[in-house]
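Protein chains in written order, with the working numbering: chain S, 6 to 373; chain E, 6 to 373. Glycine residues also receive a C-beta, built at the ideal position from the N, C-alpha and C atoms. The structure displayed is predicted, hence computed values, not measured ones. Remarks on the structure that follows.
This is the structure in structure tokens:
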């Protein structure tokens, strides 16, 4: 009976944390009064088990709970349910990390391309990749395509839809994707580069698959999706679909509540690293430290760790820090992140002069 | 240009809340440096607008922001994205309520049955409904069906799979659903009642629809799904599917992080009331005050309000408080909730004697 385990941080001293850990063992599995849990298989296997408890901080403990692998049914939603479903409603419990055996990981495909695969496809061996977004929302498809052309001409590697662009009447999906993909292809012909356009397919549940296929047939070079809005398993399905066969970039919209409280929720490492890779992300977009959002430098580094640490047969995911970044931030980001990073600069590219193409070339010069 | 609006609670005094509200207007729409937002349509329509700010508490303000209706593309994921996508990553902002015009609501179907429809189908005019779960996880299909039979015989109205039951090898989905539905039908024939069995279809994205159809063909009387695990729009799709045509009950697993911080996230009212109805829930399961979880009585009452207040053309959703409830809690719950409630008691039914059927009859006697 193979097991997997989850590391939790539980608020309180060792005695109260132990009590809460016992509660987690029940809550996340049998949800039954402890004295009534049937002996044998259910009590010995199905119920969670405390593997370790360590009172390593004055106000909280690190607890490892192990669970029956078969109880996940090898389904991602049920895996997420076991590790945090009901206890998400109990304060003072934070998922720190997952320990998943290869026998579980091998039931998922993880990132299709990963860092190396994406580098290979783009023909960029060593330098950090440049990422930007088509914005602002409200522009029409022609205007967005015009921007895409300039950005590609200027040497950006990956151009995504802003994550708010879906199928608005001012820039309908199929029209926008066709025009932007065409504009980027045209720029590539002129420059000899291999910039890719990534439409946003965060869409109604019955349209996601179709939009992804449409993206492919219209010449997109990848897709972005916000799993907080669509569900993680919808993203996994896109990533594992051989008919789509495009790099998948995960956007963090609507996921902030999981990480925003230091004492509850899920760690940046587990959510934006381990879980994103389980769900097939080739690139993980997250708000960089020092920008408009609240992530600290340590939290950002833990995301990189979660994206790149060994994880069974899985490829590495590319960390894509962004969110309020400007040209001035780039040198320091390069110091912190090294070369295996995709630098996402959106609005910041419009600063420093009216010539967008020139601004992109300057951005590019910072990483070469 | 029609607009909808969102009420936020923003931490801070009026001056800082105003600044943060201005940031919300940008962050949730154009994500662009404020001085560079194009004049005209984008600045006047697409950008969020502060409709009202009220410094009603010493440490926080109530701010209403209005947004362009067309920017939702009338899609649920994009509506959720606009109201809380990126700002979920900024602490100190909580969605309190949504003000959605009928022109938006009419693009969704809301609950298919609602409180009245469910009462009509079950033939229960006035009394509260009785709800329980098949548990513990780890029992096989035959054992679960045996429990279902006794629970139905004892007078329970709705019997759901525990939300951790998916497609484990110890109780595979199709086998479990067939056996449990048969057991409940047999009990109904004997008692003349109309108990319904509700399988859990929280499943991989490519299997949810199929499991729901299978549930219907195997004789299930409804379905439960955890939208925190599948995405809200997957639930909406099930609820709106005429081929499924079953009451949908929403389970709160994995959603706790949105409500657990008083200063950030989404209010109980908006998440478990308004958003659940947008996503088609006929019944909303949530942890009752005083049980194993952390919701207060006021928060629970606000959920009832969100489930039943006027909301355009939408039907009301049934509040289903549960989670660690025992027979002793019932009288007080009836006082608080009145008759339009579904009382969910799980493990508590196994207390007070070995005769499960007798325990159910006692539960039933408390509401008649």
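When the Cα atoms are used, what is the spatial distance from residue 329 of chain S to residue 159 of chain S? Rounded to the nearest angstrom, the two C-alpha atoms are 20 angstroms apart.
Out of S/156, S/97, S/162, S/143, state which residue places its alpha-carbon closest to the alpha-carbon of residue 177 of chain S. With distances taken between Cα atoms, residue 177 of chain S lies closest to S/143.
Are the region 113-120 of chain E and the region 50-64 of chain E touching, with three or more C-beta to C-beta distances below 8 angstroms? With a cut-off of 8 angstroms, the region 50-64 of chain E and the region 113-120 of chain E do not count as touching, because too few Cβ pairs lie within range.
Using a Cβ-Cβ distance cut-off of 8 angstroms, determine whether residue 116 of chain S contacts chain E. Not closer than 8 angstroms to any Cβ of chain E, the Cβ of residue 116 of chain S fails to qualify, so no.
Any chain E beta carbon closer than 8 angstroms to residue 100 of chain S: At a cut-off of 8 angstroms between C-beta atoms, residue 100 of chain S does not count as an interface residue with respect to chain E.
Chain-order list of residues whose beta-carbon lies under 6 angstroms from that of residue 279 of chain E (same chain, five-residue window excluded): When the five nearest sequence neighbours on each side are left out, the beta carbons in the same chain lying within less than 6 angstroms of the beta carbon of residue 279 of chain E are those of 103, 311, in order along the chain.
Comparing the C-beta of residue 210 of chain S with each C-beta of chain E, is any distance below 8 angstroms? For residue 210 of chain S, a Cβ of chain E is located within less than 8 angstroms of the residue's own Cβ.
Proximity winner among S/231, S/337, S/251, S/12, relative to residue 219 of chain S (alpha-carbon distances): Ranked by how close their Cα comes to the Cα of residue 219 of chain S, the residues S/231, S/337, S/251, S/12 have S/251 in first place.
Please report the straight-line C-alpha distance between residue 99 of chain E and residue 45 of chain S, rounded to a whole angstrom. Taking the straight line joining both Cα atoms gives about 46 angstroms.
Between the region 185-197 of chain S and chain E, which residues of the former have CB atoms less than 7 angstroms from a CB of the latter, in chain order? Result list empty, no residue passes.
At the level of alpha carbons, what is the spacing between residue 316 of chain E and residue 72 of chain S? The straight-line gap from Cα to Cα measures roughly 42 angstroms.
Listed from N- to C-terminal order along the chain, which residues in the region 337-366 of chain E have their beta-carbon within a distance smaller than 9 angstroms of any beta-carbon of chain C? Absent from the structure: chain C. Protein chains present are S and E.
Can you find the residues in the same chain that come closer than 8 angstroms, C-beta to C-beta, to residue 318 of chain E, ignoring five residues on each side of it along the sequence? Excluding positions up to five away in sequence, the list reads 107, 110, 111, 115.
Assess contact between the region 193-207 of chain S and the region 30-44 of chain E, defined as three or more Cβ pairs (one per stretch) separated by less than 8 angstroms. Is contact present? Output reads no: the region 30-44 of chain E does not touch the region 193-207 of chain S.
Are residue 17 of chain S and residue 69 of chain S closer than 8 angstroms when you measure CB to CB? In this structure, residue 69 of chain S does not lie closer than 8 angstroms to residue 17 of chain S by Cβ.
Our contact map puts residue 184 of chain E next to residue 147 of chain E with C-beta atoms below 8 angstroms; I'd like the distance itself, whole angstroms only. About 6 angstroms separates the Cβ atoms of residue 184 of chain E and residue 147 of chain E, confirming a contact at the 8 angstroms cut-off.
Give the residues of chain E in contact with residue 41 of chain S, contact being defined as C-beta atoms less than 9 angstroms apart. Chain E residues near residue 41 of chain S: 141, 352, 355, 356.
So, are the CB atoms of residue 307 of chain E and residue 256 of chain E less than 8 angstroms apart? The answer is no: Cβ separation not under 8 angstroms.
Give me the residue from E/360, E/296, E/300 with the minimum Cα distance to residue 350 of chain E. Of the listed residues, the one whose Cα sits closest to residue 350 of chain E is E/296.
Give every residue of the same chain whose Cβ lies closer than 8 angstroms to the Cβ of residue 355 of chain S, excluding the five residues on either side of it in the sequence, and list them in chain order. Hits under 8 angstroms: 361, 364.
Neighbouring residues, chain E, relative to residue 46 of chain S (Cβ below 9 angstroms): By Cβ distance, chain E contributes 143, 175.
is_contact[residue 137 of chain E, chain S] using C-beta, thresh 8 angstroms: It does not; no Cβ of chain S falls within 8 angstroms.
Give me the residue from S/10, S/54, S/40, S/42 with the minimum Cα distance to residue 27 of chain S. For residue 27 of chain S, the nearest C-alpha among the options comes from S/54.
How is the beta strand (DSSP E) around residue 325 of chain E delimited, first residue to last? Start and end: 323-327.
With DSSP collapsed to three states, give me the class of residue 2 of chain S. Any answer about residue 2 of chain S is impossible in this case: the structure gives chain S only from 6 up to 373.
Residue 260 of chain S touches chain E at which residues, Cβ-Cβ below 8 angstroms? From the beta-carbon of residue 260 of chain S, the residues of chain E found nearer than 8 angstroms are 93, 94.
Can the beta-carbon of residue 231 of chain E be found closer than 8 angstroms to that of residue 242 of chain S? No, Cβ-Cβ distance for residue 231 of chain E and residue 242 of chain S is not below 8 angstroms.
Burial state of residue 301 of chain E (16 or more Cβ within 10 Å): Residue 301 of chain E is exposed by the Cβ-count criterion.
Rounded C-alpha distance that separates residue 57 of chain S from residue 233 of chain E: About 29 angstroms.
Judging by CA-CA distance, which residue of E/298, E/202, E/153 is the nearest neighbour of residue 262 of chain E? Measuring C-alpha to C-alpha distances from residue 262 of chain E to each of E/298, E/202, E/153 identifies E/298 as the nearest.
Against residue 313 of chain E, what residues of chain S qualify as contacts under a CB-to-CB distance less than 9 angstroms, listed in chain order? Within 9 angstroms Cβ-Cβ: nothing; residue 313 of chain E doesn't reach chain S, min ~22 angstroms.
Residue 324 of chain E versus chain S: which residues are under 8 angstroms apart at the beta carbon? Residues of chain S passing the Cβ test: none, with the nearest at roughly 16 angstroms.
Near-chain S residues of the region 247-277 of chain E (beta-carbon distance less than 7 angstroms), N- to C-terminal order: From the region 247-277 of chain E, only 257, 258, 259, 260, 261, 262, 263, 265, 266, 269, 270 have a Cβ closer than 7 angstroms to chain S.
Check the Cβ of residue 231 of chain S against every Cβ in chain E and list those closer than 8 angstroms, keeping chain order. Going along chain E in sequence order, the residues near residue 231 of chain S (Cβ under 8 angstroms) are 82, 86, 90.
Along the beta strand (DSSP E) that carries residue 372 of chain E, what are the first and last residues, could you check? Where residue 372 of chain E is concerned, there is no enclosing beta strand (DSSP E), given that its DSSP letter is neither H nor E.
Does the separation of the CB atoms of residue 2 of chain S and residue 138 of chain S fall below 8 angstroms? Because chain S is modelled from 6 through 373, residue 2 of chain S falls outside the range shown and cannot be assessed.
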